[in-house]
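Below is one structure, written out as structure tokens; comments come after it.
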Amino acid sequence: MMQEDLTLTRSEAQKWWEVAQQRITSLSEFREKEKRGLAHIGRIYEERDQAIDKVNELQALISFYKHKMKETQANCDNMSHAIHQQAEVMARHVREAEEEWNRHIDPPLGFFRLFRFCQNLL
């Protein structure tokens, strides 16, 4: 009885052979799809790494230009302060010249135009 259970008929063996061949084919197809999927994942990781590199590069550029902007703003502030001081000194010299002029001579009309122009610069 035990011996009978272990023996296969030719048709049963053929069926098992076909099932095995189908499984092998399915497994081969799966492996091929797996290879394509892994290759696709590899490309995605490569693109992600490139995107990360680009983001890092852009962040570095942003930091660089922020630093340059701060330097430029500081330079502008310094120049503005220096120009303001120079304008105050020029205005003081013009006032002193006007006072000196008024003490000694009647000034011509052109001097007043120059004086008003300098005052308007302030």
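In this text, residue positions in the sequence shown follow my numbering: the first is 1, and each later residue adds one. Here a beta-carbon is modelled for each residue, glycine too, at the ideal position from N, C-alpha and C.
- The count of Cβ pairs closer than 8 Å, one atom from the segment 69 to 80 and one from the segment 34 to 50, stays below three, leaving the stretches out of contact.
- Between phenylalanine 115 and valine 94, the C-beta gap is smaller than 8 Å, which places the two residues in contact.
- Between alanine 91 and glutamine 119, the beta carbon gap of about 7 Å places them in contact (Cβ cut-off 8 Å).
- Here the alpha carbons of isoleucine 62 and asparagine 56 stand approximately 10 Å from one another.
- Counting only the Cα atoms, threonine 25 lies some 10 Å from valine 19.
- Its Cα nearest to that of histidine 84, the residue Leu121 stands out among Lys70, Thr72, Leu121 and Glu29.
- Rounded to whole angstroms, the gap between the alpha carbons of glutamine 14 and glutamine 21 is 10 Å.
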